[in-house]
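Colleague: Below is a structure I'd like to ask you about.
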Amino acid sequence: MKPDLKGLHMLHGGDYNPDQWLDMPEILEQDIEYMKKAGVNCVSVGIFAWAALEPEEGVYNLGWLVDIVGKLYENGIYSILATPSAARPAWMAQKYPEVLRVSADLTRNLMGARHNHCYTSPVYRQKIYEINLRLSKELGGHPGVILWHLSNEYGGECFCPLCQEEFRVWVREKYKTLEALNKAWWATFWSHNYTDWSQVEAPVPKGETGVHGLNLDWKRFVTDRTISFMRHEIAAVRAGGSDLPVTANLMTFYNGLNYFKFKDELDIVSWDAYPQWHGTGGDVEAAVAAACYHDIMRSIKNMPFLLMESTPSMTNWQPVSKLKKPGMHELSSLQAVAHGSDSVQYFQWRKSRGSSEKFHGAAVSHDCRSDTRVFRDVARVGKRLKGLGGLCGSLPEAKAAIFFDWENRWALGDSAGPRNCGIRYEETVIAHYRAFWEMGIPVDFIDMECQLDNYDLVIAPMLYMYRAGIEEKLKTFVERGGVLVGTYLQGLVDQSDLCFLGETPHGLSDVYGLRYEEIDSLYDGEENSLDWNGKTYAVTELCERVHLTSAEPLAVYGSDFYAGEPVLSVNSFGRGEAYYIAARTQQCFLCDFYRMLAEKMSLERALDAQLPAGVTASRRVSDKTVAVLQNFNNAPVTVLLYSPVEDYETGEPFYDEVRLQPYEVRFLIAK
Amino acid sequence: MKPDLKGLHMLHGGDYNPDQWLDMPEILEQDIEYMKKAGVNCVSVGIFAWAALEPEEGVYNLGWLVDIVGKLYENGIYSILATPSAARPAWMAQKYPEVLRVSADLTRNLMGARHNHCYTSPVYRQKIYEINLRLSKELGGHPGVILWHLSNEYGGECFCPLCQEEFRVWVREKYKTLEALNKAWWATFWSHNYTDWSQVEAPVPKGETGVHGLNLDWKRFVTDRTISFMRHEIAAVRAGGSDLPVTANLMTFYNGLNYFKFKDELDIVSWDAYPQWHGTGGDVEAAVAAACYHDIMRSIKNMPFLLMESTPSMTNWQPVSKLKKPGMHELSSLQAVAHGSDSVQYFQWRKSRGSSEKFHGAAVSHDCRSDTRVFRDVARVGKRLKGLGGLCGSLPEAKAAIFFDWENRWALGDSAGPRNCGIRYEETVIAHYRAFWEMGIPVDFIDMECQLDNYDLVIAPMLYMYRAGIEEKLKTFVERGGVLVGTYLQGLVDQSDLCFLGETPHGLSDVYGLRYEEIDSLYDGEENSLDWNGKTYAVTELCERVHLTSAEPLAVYGSDFYAGEPVLSVNSFGRGEAYYIAARTQQCFLCDFYRMLAEKMSLERALDAQLPAGVTASRRVSDKTVAVLQNFNNAPVTVLLYSPVEDYETGEPFYDEVRLQPYEVRFLIAK
Amino acid sequence: MKPDLKGLHMLHGGDYNPDQWLDMPEILEQDIEYMKKAGVNCVSVGIFAWAALEPEEGVYNLGWLVDIVGKLYENGIYSILATPSAARPAWMAQKYPEVLRVSADLTRNLMGARHNHCYTSPVYRQKIYEINLRLSKELGGHPGVILWHLSNEYGGECFCPLCQEEFRVWVREKYKTLEALNKAWWATFWSHNYTDWSQVEAPVPKGETGVHGLNLDWKRFVTDRTISFMRHEIAAVRAGGSDLPVTANLMTFYNGLNYFKFKDELDIVSWDAYPQWHGTGGDVEAAVAAACYHDIMRSIKNMPFLLMESTPSMTNWQPVSKLKKPGMHELSSLQAVAHGSDSVQYFQWRKSRGSSEKFHGAAVSHDCRSDTRVFRDVARVGKRLKGLGGLCGSLPEAKAAIFFDWENRWALGDSAGPRNCGIRYEETVIAHYRAFWEMGIPVDFIDMECQLDNYDLVIAPMLYMYRAGIEEKLKTFVERGGVLVGTYLQGLVDQSDLCFLGETPHGLSDVYGLRYEEIDSLYDGEENSLDWNGKTYAVTELCERVHLTSAEPLAVYGSDFYAGEPVLSVNSFGRGEAYYIAARTQQCFLCDFYRMLAEKMSLERALDAQLPAGVTASRRVSDKTVAVLQNFNNAPVTVLLYSPVEDYETGEPFYDEVRLQPYEVRFLIAK
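Structure follows, in structure tokens:
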């Protein structure tokens, strides 16, 4: 379903919590005045407002929210309406302790914090159904409301008896027989064989945490349980008569939930971005990681997403809360747009006076002024977004895809060898991604359940687990002319985390033209090397020994007892080819390697230009193709153009070069 | 009440635990022989002796203690008599488990350790009442007993149902209405609104720890509850007929109790000093921190205090147990006297044979000899203290005061941003203090409930919370001619840890002549700079952006986007002035800055001399003004005198200079 | 009892878990084919097989195991038969939760992991008795079975009520009276006096962990309880009619059990060796530590031991799983033989497909091939072992012994001062040992219960606790002409961890000719120095101040306030001498010092040759004396010979030198 956001252009706004200020009407008035001043056209309301909406059990008080939504609408500001499930009122925790989560130590939490509710609890499900129903009835049809914001940052897990019982049901449905279960979990190891379904328990520190199949299934179950709860929330909203689209705000590289499983549940994906700008790794490193995750979020539904939370200044929960330097707020906001966001939203509009996030950057600070540096930055973003509405709905049309598969991530993280001090799945994916970011070539992300048809190039970094028939899909992809790049730790385990017996990469030995024998692990600081195209590159941390069958070696190890053995190879298969990188390489190798490949495959860049270090270009393609040129240097740069362009916002033409100020971002179209 | 310590001069002695040696009478005899040899005139008895005093429930055995106190007295040694509440007998823990504490994980402790009793438990209160009453009756009037030593190092907290119920009572008495409570704790954030007092729970990891107002009130409650228990102990002592003064031994920079709240409860403040001499930070750093805490202890009642515990050699629980080098024991002992102590006491007189502190340095070691290096050091201190009795009761008469406010400390430590990896309140206070230590200018410490009338200079480092009407007090102070120095993070939150709305520093914008906009945080190793008086100083970690209204800029930031903005300013207000230091500066800046100020204000130094690095002078003023010159270098130094002095102990005159041996300390009076 | 291993020569094989592959008969066939190819003559079966042997309560299924043992035997492969107690079936944990352990937090574990059973539980004892009995009856007399493998890696502790009750019984039997208990535990400290045996509790974090005597007795109890359980297992085996010898596989430097207490219980000692080859410390450091522990294992019974587990390649649970470089598997396997092992066994024969050790190096990998590097390494070891059968049963006949006393280790580790950041008992023992390793001089290890009669040299590094009449034994040893080397922290506490009163080293002041006064502790990076024999050596971390009475100083401290005081001394006593090293010295000093001593005492070396760095020689003496020359350098070396030798395996003669390839090991006999 294509969501209807009421013809709005780019959304600009943020979480708005007027329930904290109901006794100060002058604040609420100032809010609307300032929102208009800042070009805000959309806010999220009702997040964490359950106590205000249902102050006593069964006593509903939605009036204030209806008033606020109405007043906002009168002032041209739309509302995203939250369901309040992310935090429960004190009375509920007191009367029904079962709504609270049980931790991995198997004791029940007390009232407190967020995300502290059991997804299974019948009482909690009943209570959230009732309040969602009422919200839907009261406000689901309000012309000012455009979208449902389900809960807030779904996450965590509950180990209560009810959840564990659900897990047993889930396991039983999946495996049907105890024999199948014992085999999948390799239960014979350490005499763990189950002889009754009731013996199955969640993996907890005081029980069993070393059975990989169990760990993996528990994680899958947690995703399924969360989605079950989310569906329950949606059902209440629909029962209330609202057919508005729904979203849920996801979190940066969150490991606890397989977000690809949300693609059929959510109408729009949204997420909360808090990169550590000006951090110890530098702005370019932060920019690449943020870009990568923007692209992951866009890829889940292959649709534009919403930037649902961000901060115009400091993030108060990081070790060092840095101010965003001048220009960075605009750049980081428009970076989201560049990668497919149709919004720039903040947490939160106005700083709270108390509690744990009172110093988190907001559009309006405790001084209640609009002449602050931060407010001006926010208003400037509002102004630019007004001119970018034409980009809404557009996508980058990438021809390259990188695997980022949650289940593989879980399995790798739990592998027990070869490198327990750091397997670095996320960093490795980002390193491959960065090569494309530096070239300004659009990239999608896929998991193993995705189709590969639209791509020319598919990259499989540490695709350790093979599942969902990926062997067949990849084989067909290459046969039909696709280019596949795989790395070490490829196709070693099946979907139960059981090692494949026989040749690996499983089912793709012929495609890669090689078979795996063993993998060596290096200490931090240890190095081997790889000579390629006249340059010597360091390899570190993980070095695989493979035997080439049909593949052609492109580079060999420089030292250790496997010196001279292949570390980089290519194999022709069908109409395509498969490259294999057998060791962990540094960024510079990946950049050079993919530059070679991009040239060879004529992969199209977002902008036909020479990008200096720290500068990238993304694109959004609708009737026009808009390239978004971004300078993450805190210094001016000159970008040499190979074709003339003009500024999408101002019409200014550029023929030979574009000069960018520190942290400047420009939207360009072909002239 | 001015305590009557029976006309004793400086006390010298330590914790004495004869109950560990009752089966070895030769040890007890040797103790008295050695005490006399070491110039010991006072020991603390009965600490942790409950099991010996009440071996079975209701069976009291005070005879051994009466004998010991008597024998000591016959030998010229006075006793400080402890109440035994700091450790309870095994039989009590077994019969009444409720006397044991409940930890923050909400499980009850087993018998063990010290400080493991509930302050609320009616049984525990009853039991301690009975034993204290008996001790008071038996020994409270003994001519050899001079002081009550209440418990030992009061500290910790209990989360049992009884304590939590007391907390609810406390909260209800404070806030009266749930509306007031919810507002003060900003409970609307995350839907935490309380709808019944019974929903209030202590902050614990499995419950809520992110509500700053709750955290703060819990800490306040713990102090109040501890004092309530202490009052109960005192009441028993008084009921037994003793009107001797009472003390309690406090701990170095202990965060868990607001010691300023003890000022009206204790007749004398005493504390336990274990600086890490010869540590990685160097002796001067250790000396400054120790001096600072001595001054804090003296400031609580603005009265001389007692050094109740120290070690003549190694501290066995530090990571590295270093021996005190020759001279250091004398220096460190007399440093306490220099800052207002009327005693030098040790933990403990004789090393225990077993258990966790058996290697803690004591006057007498396991070899039972008096010809050891340590014993000789102890005896030497005893000898010098004999000559210093005239200093008893005297004070330094400081004209400068620095805020060290426990509630502000708690709030800053819990602030969540701007620098979670290190806000460094204690270090910052010490850094300001050190400037005065290096000049030999006496300093008092104050909290926000203190009066400012006696001071010419008041320093407010990171006075983040404003409470107790401090705005008015500081405004009046400056108006009347006082000099105020404030820093970044000034007056941002109220007594509930709620951010003030509007201009900050709250209520003192006009006094400082500026308003706050935002604060930047720097990583370790990052620097900005400040040019002042022709020198460039590094600034680090925290950089505030302020707008001067009436203040005059004295220095600006050297780099980053706020280069050129004010970092040091001064504002004339009434007959006084207010300086504002907007960023974290290094020690050298603070030294230069306060040196300028001291000269400008003609602040008097303890000794009219040029102090080399690592040398300071304190003073005690009674009929004579005695300056205490202390060399913390392990090397000889020469101090150039601006006026002639003579040695208070020997009468030796010095005209142009005094030479000090490594770690030497001299008491000097004007000639 | 001298074990009868059926006339086998060196054992070669490993843990074999066919129960994981019963549904894949082709795997089981391949196993036997490959075992024969690899020279495997012995495997351990049944470890962790309880669930397969007793799939339901009382339903026994031993048939598959009987079949496997039979088939192995038919193929010339013997079996070591395990009792399955190390992991229990799920049904048992479910039906009898009391078989599971209670952790130190006093909550009971869930089913999971290994080593998770209570050693006291009557049900568990009954169940293990029954299965062991059946195993014994069915297979105890099988001609293919040669040895019982009791459980697996006994370890851990249980804090359940039953175990705590046993502890109370143990304590009561030991101390008889509460008075004796209170004295031994110095309970008067902190009023911990016990007035009833029922008050005794195990040391746990929420109770008491600071009473050294209690901690020590608990550790002793855990060893005794484990042995009690082990005896119970043996009794079942004997009741089944088997009189085969028994072993239990011990763990590297495991602290939790006093392995010397196992010497009368086990017929053969075996252990599991996982050195971190090619690690950050280098191969020589790893080799010395491994050699040291091999020698400890041999010393427990003063008999050859079995290497029961090792890996032919990566250890999957270390931070970095490195492949063994070519040659290292052969060298490390034969190093065990060189130090007294009569076997080389692996964990495990074939890699599991799933669960936590699936990537642990095994002879056969998931590719099921025998043409792998690792398999060839394994086969090569098998081949060499065939030629070394003549060494079985032989020992090194060492004349030097070093104390490695578990109770001393426990007490030192718990001492609370003088250096809580690192007392380094194991490292210190290894440092003394290394001096002999570098010279190729055989060394035994002893604890304080051992006899000293067979030795010329006894070394007592940090023999902090004196117990078991060691004072008398050492005095007699020196009187009769022995050479004793003691160090700092010598003879300070008795068997209850109570400090001796009076002169120390307790009872040996006259033997060492000195008395202890105090000990200084240094920070990491701090140094003092020692001049000896014209060289200056650094001393670090711990510096004792001692007073020489009759001893002669050999070296003095170079700096600090104890500069000039003795740091190395020797005392003549009776016909022998006692050296005292008062400070922690570096490796180079120990090497030089023991080289001097070895020459002076004419201690015999395993090989009459000049050993280059990284090369050592061990020996095994039966009718022939076989020297085992080992090169731990990844580079060739030349060893200069002082007498001609010939290769034990090949007969090749060497006159002036032997050249060794990287990681080569050679067995040599006098020509």
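The listed protein sequences derive, respectively, from chains A, B and C. Okay, so the first sequence: first residue is 3 according to the working numbering, each after it adds one. Okay, so the second sequence: first residue is 3 according to the working numbering, each after it adds one. Okay, so the third sequence: first residue is 3 according to the working numbering, each after it adds one. A virtual CB, placed ideally from N, CA and C, is assigned to each residue, including glycine. Small disclaimer: the values here were computed from a predicted structure and weren't measured.
#1: Does DSSP put Lys-4 (chain B) in a helix, in a strand, or in coil?
#2: Among C:Leu-459, C:Leu-662, C:Phe-502, whose alpha-carbon lies nearest the alpha-carbon of Met-598 (chain C)?
#3: Which of the three DSSP states is assigned to Thr-587 (chain A) in this structure?
#4: If contact means a Cβ-Cβ distance below 8 angstroms, which residues of the segment 540-552 of chain A contact chain B?
#5: Compare the C-alpha of Gly-515 (chain A) against each of A:Glu-505, A:Asp-522, A:Ile-521 and name the closest.
#6: Let me confirm a value: Glu-520 (chain A) is counted as buried when at least 16 other C-beta atoms fall within 10 Å, else exposed. Which label applies?
#7: Residue ranges of each beta strand (DSSP E) run of no fewer than 3 residues wholly in the segment 26-95 of chain C, ordered along the chain?
#8: CA-CA distance, Lys-4 (chain C) and Ser-244 (chain C)?
#9: For His-331 (chain A), which residues does DSSP report across the bridge?
#10: Apart from the five residues on each side of it in sequence, which residues of its chain come closer than 8 angstroms, Cβ to Cβ, to Val-206 (chain B)?
#11: Less than 8 angstroms between the CB atoms is what I'm expecting for Val-101 (chain B) and His-119 (chain B), so what's the real figure, rounded?
#12: What are the residues in the segment 336-359 of chain B lying within 8 angstroms of chain C by C-beta distance?
#13: Apart from the five residues just before and just after Asp-21 (chain B), which ones in its own chain have a Cβ nearer than 6 angstroms to its Cβ?
#14: Please list, in chain order, the chain B residues whose beta carbon lies closer than 7 angstroms to that of Asp-522 (chain C).
#15: Tell me Ala-600 (chain A)'s beta-bridge partners as DSSP assigns them.
#16: To the nearest angstrom, how far is the alpha carbon of Gly-48 (chain C) from that of Met-26 (chain C)?
#17: Near Val-487 (chain A), which residues of its chain fall below 6 angstroms by C-beta distance, leaving aside the five closest residues on each side in sequence?
#18: If you draw a straight line from the C-alpha of Ala-403 (chain A) to the C-alpha of Tyr-539 (chain A), how long is it?
#19: Buried or exposed: Leu-642 (chain B), going by 16 or more other Cβ atoms within 10 Å of its Cβ?
#20: Using beta-carbon positions only, say whether Thr-249 (chain C) and Asp-269 (chain C) come within less than 8 angstroms of one another.
#21: According to DSSP, simplified to helix, strand and coil, what is Asn-530 (chain B)?
#22: Quick one, are the C-beta atoms of Ala-293 (chain A) and His-341 (chain A) less than 8 angstroms apart?
#23: Can you tell me where the beta strand (DSSP E) with Ile-425 (chain C) in it begins and where it stops?
#24: For Arg-1 (chain A), which residues in chain B fall below 8 angstroms Cβ to Cβ?
#25: What residues in its chain sit with their C-beta under 7 angstroms from that of Thr-374 (chain C), if we drop five residues either side in the sequence?
#26: With 8 angstroms set as the bound, which would you pick, yes or no: does the beta-carbon of Lys-178 (chain C) sit closer than that to a beta-carbon of chain B?
#27: Buried or exposed: where does Gly-16 (chain B) fall if 16 or more other Cβ atoms within 10 Å of its Cβ makes it buried?
#28: Which class does Glu-481 (chain B) belong to by DSSP, given the choice of helix, strand or coil?
Modeller: Considering the structure as presented:
#1: Here the model assigns Lys-4 (chain B) a pLDDT of 48, short of 50, so the residue's position is not dependable, and the following value carries that caveat. It is coil, neither helix nor strand.
#2: Residue C:Leu-459 is the option with its Cα nearest to Met-598 (chain C).
#3: Three-state DSSP puts Thr-587 (chain A) in a strand.
#4: Those residues of the segment 540-552 of chain A that come within reach of chain B (Cβ to Cβ, closer than 8 angstroms) do not exist; the list is empty.
#5: Looking at the Cα atoms, A:Glu-505 is the closest of the given residues.
#6: Buried, since its Cβ has 16 or more Cβ neighbours within 10 Å.
#7: DSSP runs (the beta strand (DSSP E)) wholly in the segment 26-95 of chain C: 44-47, 80-84.
#8: For Lys-4 (chain C), the predicted model reports a pLDDT of 49, less than 50, meaning its position is unreliable and no value from the coordinates is stated.
#9: None; His-331 (chain A) has no bridge partner.
#10: So the qualifying residues of the chain are Ala-106, Asp-107, Leu-108, Phe-161.
#11: Confirmed, about 5 angstroms.
#12: If the cut-off is 8 angstroms between Cβ atoms, the segment 336-359 of chain B has Lys-353, Ser-354, Arg-355, Gly-356, Ser-357, Ser-358, Glu-359 near chain C.
#13: Cβ within range, chain order: Ala-51, Ala-54.
#14: Under the 7 angstroms cutoff, chain B gives Lys-324, Leu-325.
#15: Per DSSP, none; premise fails for Ala-600 (chain A).
#16: One C-alpha to the other measures close to 18 angstroms.
#17: Excluding positions up to five away in sequence, the list reads Ile-461, Tyr-581.
#18: Distance from the CA atom of Ala-403 (chain A) to the CA atom of Tyr-539 (chain A), rounded to whole angstroms, is 25 angstroms.
#19: Around the CB of Leu-642 (chain B), fewer than 16 other CB atoms lie within 10 Å, so the residue is classed as exposed.
#20: Note that the C-beta distance between Thr-249 (chain C) and Asp-269 (chain C) is below 8 angstroms.
#21: Strand at Asn-530 (chain B).
#22: At a Cβ-Cβ threshold of 8 angstroms, Ala-293 (chain A) and His-341 (chain A) count as neighbours.
#23: Following the DSSP letters along the chain, one finds Ile-425 (chain C) in no beta strand (DSSP E), marked with neither H nor E.
#24: Because residue 1 (chain A) is not part of the residues shown, which for chain A are 3 to 673, the question remains open.
#25: Closer than 7 angstroms at Cβ, skipping near neighbours: Ser-367.
#26: Answer no: the Cβ-Cβ gap between Lys-178 (chain C) and chain B never drops below 8 angstroms.
#27: Per the 10 Å Cβ criterion, buried.
#28: Under the three-state reduction of DSSP, Glu-481 (chain B) is assigned to helix.
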